[in-house]
Amino acid sequence: MKKIVVLLMVLLLMGGIAFSQASQEKAKDQPVKIGFLVKMAENSWFQDEWKFAQMAADEYGFELIKISTPDGEKVLSAIDNLAAQKAQGFIICTPDVKLGPSIKMKADQNGLKVMSVDDRFVGPDGKPMENVHHMGISAYQIGRQVGETIMLEARKRGWDLNKTGVACLTYDTLPTSKERTDGATDKIIEMGFPKERVYKGPTKTDSTMEGGFDATNILVAAHPDVNYWFVYSLCDDTTIGGVRALEGNGIKSENIIGVGINGNELAISELEKPVTGFHATVLLAAKRHGYETAENMYKWIAQGIEPPLLIETSGVVMYRDNYKDVLVEMGLR
């Protein structure tokens, strides 16, 4: 009797192993499908991310599903859509970092792996969700690059800092934005800029020229005594909006130093012009954020290689005299 029981246990164990192996083989045979969700599909940064992610898809042979998710409802719907298409994971730049817990829960319910890119999920306690894999920009250090670039140019021009004002265009509800503008402000103050001449202009919108334009108009009206202006924000679009507002108020281009972040097409078009108040931009690593996140997700799904929980990237300053070379080096031209 004991022999029969032992034999049955062995057979069951062998059957379980065989079933597990068969399941694994079946999973391997399934085509890998990966979603890439972005909050502003029309923005050139996200277009570049998609382009580089598609390069990874072509190289590794998986299907990339690109979805625009400008609000929370579309995000949750997109996750269900990916599950219905039998995707195994997705990468997302969320339209609202506070959606992080809901996105993670929805992904888990559908058996999908998830990675955030650009903007990191925030938990109910207001802190980053460290249990979600993330590739992001070292936002504070990028901001410090902006501040240093501005101060070095001001010194070169011989500006009187006591006659200079800062249009610090903020969008503090987005942690990435706050870190960037805080980094720039801290750096210029460390380099000798008077703290009391930093004027914050909250913007009503995220990453738009209109937001920068409106906020800067208010600052100019409040500080008519300023002869020279620094302008910075979370991105190129908002900074260029600020530059336009200053120029529209009669401030000469040579009396403005605007430095953006991203290195998008709008910034490049400014650098192609002989002279504007837009001086430079910090080009971010769209190739890494698109290609590398897609590659990491593929290896996680197909090979079981889990990526690091946090990867931070840096930027390169582009000026009028070097932007063409930098774009070629970064695979954007």
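With the first letter of the sequence shown counted as 1, position 145 gets the number 287 in this note's numbering; the numbers rise by one all the way through. Heads up, the beta-carbon is just placed ideally off N, CA and C, and yes, glycines get one too. Since we're looking at a predicted model, the values are computed, not measured.
* **When I382, V174, G405, E295 are compared against E201, the one with the closest alpha-carbon** => With distances taken between Cα atoms, E201 lies closest to V174.
* Asked: If we call anything under 9 Å between Cβ atoms a contact, is Y483 one with A309?
  -> Outside the displayed range of the chain (143 to 475) lies residue 483, so it cannot be described from this structure.
* Asked: Is there contact here, the segment 172-191 with the segment 215-224, by at least three beta-carbon pairs under 8 Å?
  -> Touching, yes, given that three or more Cβ pairs across the two stretches are closer than 8 Å.
* Asked: According to DSSP, which residues form a beta bridge with D260?
  -> Answer by DSSP bridge pairing, in chain order: G278.
* Nearest to Q445 by alpha carbon, out of C377, E191, Q230, K208? -> The residue with the shortest Cα to Cα distance from Q445 is Q230.
* Quick one: what does DSSP say P336 is sitting in, helix, strand or coil? -> Reduced to three states, the DSSP call for P336 is coil.
* Asked: From this set, T236, P237, M460, D250, which residue's C-alpha is nearest A225's C-alpha?
  -> Measuring from the Cα of A225, the nearest candidate turns out to be D250.
* Coarse secondary structure for M439, derived from DSSP in three states -> Looking at M439 - three-state DSSP - the assignment turns out to be helix.
* Backbone CA spacing between D348 and D324 [nearest angstrom] -> Approximately 16 Å between the Cα atoms of the pair.
* DSSP three-state assignment for V470, whether helix, strand or coil -> Correct three-state label for V470: helix.
* Reducing DSSP to helix, strand and coil, say where S411 ends up. => The three-state reading of DSSP puts S411 in helix, counting H, G and I together.
* Asked: Nearest CA to the CA of T306: which residue from T380, Q196, E290, D367?
  -> Residue D367 is the option with its Cα nearest to T306.
* Extent of the continuous beta strand (DSSP E) run through G177 -> Annotation for G177: the continuous beta strand (DSSP E) segment containing it runs 175-180.
* To do: Spell out a yes or no on whether the segment 414-432 and the segment 352-367 are touching, meaning 3 or more CB-CB pairs, one atom from each, closer than 8 Å.
  => The segment 414-432 vs the segment 352-367: no contact.
* Asked: Between which two residues does the beta strand (DSSP E) containing T312 stretch?
  -> Boundaries of the beta strand (DSSP E) harbouring T312: 306-312, taken from the DSSP string.
* Pick out whichever of W301, Q172, N252 has its Cα sitting closest to the Cα of N397. => It is W301.
* Three-state secondary structure (DSSP) of H421 -> Strand at H421.
* Return the bridge partner residues of T455 from the DSSP annotation. => DSSP lists I279 as partners of T455.
* Asked: With 9 Å set as the bound, which would you pick, yes or no: does the beta-carbon of A409 sit closer than that to a beta-carbon of chain B?
  -> Structure shown: chain B not included; a single protein chain is present.
* Counterpart residues of I399 in DSSP-defined beta bridges -> F372.
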